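In my numbering, the protein residues as written are 6 to 633.
We put the beta carbon where it would ideally sit given N, CA and C, even for glycine.
Bear in mind that the values here come from a model prediction, so they are computed numbers and not experimental data.
See below:
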């Protein structure tokens, strides 16, 4: 690369302002001296933006940081200033009275639409609350019967009413039983409050109390929380295992067989050092989201081992959504796979499967498997049947109610799409009928991520997102090849929608990125990027996520295999400066692709399907705007 000495001098006098990007002040000479590599990276970025290899200032900033490091600070204004000096044309808009009137009219319509959306949302929530309250009140009207045995009140959390008096603990049918029977190495049992999670956690290690080599550890975040768990264990364990002894000094249960279970707390990362050199065959974390980082969980995994071949090793956790560790727990257990489905353990940073290293006898195979089992209040008949606890949860604010009553892991304070619910909007894949309209949408970025989504339109106008592609640092032409390869066997894809900025001309350097993709046979048309399209697209997604009162189905659903979109959509935050839009600093590439697709006005029309029609072997660019 040739250095432009006019724009990027190696040295220059110090002005009265702050030290510009890429320079450091030599106090002896009072001259600004270029930092090695900084100006070269800046010039390279400016040239790529001018050549439209980088479509925006934001991605330009990302590209500079990828070359110099994430801690490098450079503003959009600085980059734009160098672009103007390098010859990038800028437009000055002069709004006349007619244009101002149009803007004012659009703003008025937008405000009215906002009010209508709020009223519709309130009406939908009111209907849902009314339905729940009717169910609760009907239960409250039923006479409650006290359950006793031999003159003593039975602890309903320990002894089921219908059980024989010799049965100490019998798990509830459903999730509680599934948790206790799960064979996976790491299992999370979580969701709504009152689902019987704590008793399931206490009951799980009791199966090993007759094994002399068993060594278990049950953890809470603080000593106050631990006391409650110890108190429950003192009610249960002597009944389950006669002769078992509790040591207050050691915080340890010792069974007659010699099996041991420690109960302790771990409120700081440094506390894991207390267990250095120790080994446990079973480790449990009660209320896992109280740990703000995965450090403790990951470290304690290194303490998991057993010298007895017949004694497996397990890590178990229970929790409600919310809390300081909500996001990392969600990424580790919730996002990788559908509920109740076993999956190979993945790295929560990269999403890659954890595998045995090269040279190991099992090289390339998954290290172990994980599973998430959702808990619901309805699964615990001792709390659900009376309705009292449910009524209390119904009184909570919406954010807390969805987490603690509904066990919603996707609800997030300040989230843009609170309507999203996995149980409603995520469906298992099915064979899409050949006469349904199919199309795709793409948001391209080289320096960050490229997101491609495939859509199908059902006869009732419901849109199904049935496939995703999410990759980084891929050239546009290579992305086109990947798209075409994935579409083999899909039948006719009616059209594709691509970020309209990719049609920008690149001067004498050749066709635009969109035209390059079209020449490879990957057809596209530009997305709607008009003023107000972002807000309109967001509102349309809101509308489609709502459940239709006639069909009782949402107008937008996602196949369970679209894991990245399912994870990202509910986590998107509202822009605090513009509540009608999302925060564009969030991971929004798949959201943009979703918005492009939704705003393409897809319609189901059986007459559009022509099985005899075949795309040409090589697509020629016939129209500079639409590409075909």
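Residue i - DSSP class collapsed to helix/strand/coil
i	result
residue 291	strand
residue 128	helix
residue 31	strand
residue 13	coil
residue 22	coil
residue 467	coil
residue 170	With a pLDDT of only 45 at residue 170, under 50, the local geometry of the prediction cannot be trusted, and the value read off the model is given with reservation. Looking at residue 170 - three-state DSSP - the assignment turns out to be coil, as it is neither helix nor strand.
residue 257	strand
residue 297	coil
residue 587	strand
residue 185	helix
residue 692	With the chain covering 6 to 633 only, the question about residue 692 has no answer from this structure.
residue 249	coil
residue 516	coil
Extent of the continuous alpha helix (DSSP H) to which residue i belongs
i	result
residue 178	Careful: residue 178 lies outside any alpha helix (DSSP H) and carries neither H nor E.
residue 485	481-491
residue 84	81-90
residue 307	No alpha helix (DSSP H) contains residue 307, which DSSP labels as neither H nor E.
residue 206	202-208
residue 538	538-550
residue 280	Looking at the DSSP string, residue 280 is not in any alpha helix (DSSP H), and its letter there is neither H nor E.
residue 236	228-245
Buried or exposed by the 16-neighbour rule on C-beta atoms within 10 Å, applied to residue i
i	result
residue 68	buried
residue 361	exposed
residue 429	exposed
residue 294	buried
residue 305	buried
residue 166	Unreliable positioning characterises residue 166 in this predicted model, as indicated by a pLDDT of 40, which lies under 50. A coordinate reading is not provided.
residue 573	buried
residue 25	exposed
residue 465	exposed
residue 31	exposed
residue 570	buried
residue 369	exposed
residue 460	buried
residue 462	buried
C-alpha distance - residue i paired with residue j, whole-angstrom precision
i	j	result
residue 316	residue 219	8 Å
residue 269	residue 210	15 Å
residue 565	residue 427	9 Å
residue 447	residue 599	8 Å
residue 356	residue 340	10 Å
residue 129	residue 110	29 Å
residue 363	residue 22	56 Å
residue 435	residue 608	20 Å
residue 372	residue 504	40 Å
residue 116	residue 47	41 Å
residue 112	residue 540	12 Å
residue 225	residue 267	11 Å
residue 125	residue 62	37 Å
residue 521	residue 187	51 Å
residue 75	residue 20	27 Å
residue 78	residue 66	9 Å
residue 213	residue 458	48 Å
residue 15	residue 38	6 Å
residue 493	residue 71	34 Å
residue 334	residue 290	12 Å
residue 358	residue 245	39 Å
residue 531	residue 432	30 Å
Endpoints, the beta strand (DSSP E) within which residue i is located
i	result
residue 461	454-462
residue 2	Lying outside 6 to 633, the shown extent of the chain, residue 2 is not represented and no answer is given.
residue 223	220-225
residue 319	319-324
residue 59	From DSSP, residue 59 is part of no beta strand (DSSP E); its letter is neither H nor E.
residue 604	First-last for residue 604: undefined, no H or E at that position.
residue 378	374-380
residue 445	442-448
residue 267	265-270
Residue-chain proximity (residue i, chain C), Cβ-Cβ < 8 Å
i	result
residue 33	The structure shown has no chain C; it contains just one protein chain.
Proximity test, residue i beta-carbon vs the ligand HEM heavy atom, cut-off 7 Å
i	result
residue 217	This structure simply doesn't include the ligand HEM, nor any ligand for that matter.
- prompt: Is it a yes or a no for the segment 340-350 touching the segment 370-378, going by three-plus beta-carbon pairs under 8 Å?
  reply: yes
query: Okay, do the segment 351-359 and the segment 252-260 touch, 3+ Cβ pairs below 8 Å being the bar?
result: no
- prompt: For the segment 463-477 against the segment 582-602, are there 3 or more C-beta pairs whose distance is under 8 Å?
  reply: yes
query: Contact between the segment 310-329 and the segment 177-194: three or more CB pairs below 8 Å?
result: yes
At least three beta-carbon pairs within less than 8 Å, the segment 491-501 to the segment 437-444: yes
- prompt: Should the segment 534-544 be regarded as contacting the segment 572-586, the criterion being three or more beta carbon pairs within less than 8 Å?
  reply: yes
- prompt: Three or more beta-carbon pairs under 8 Å between the segment 279-289 and the segment 244-251, yes or no?
  reply: no
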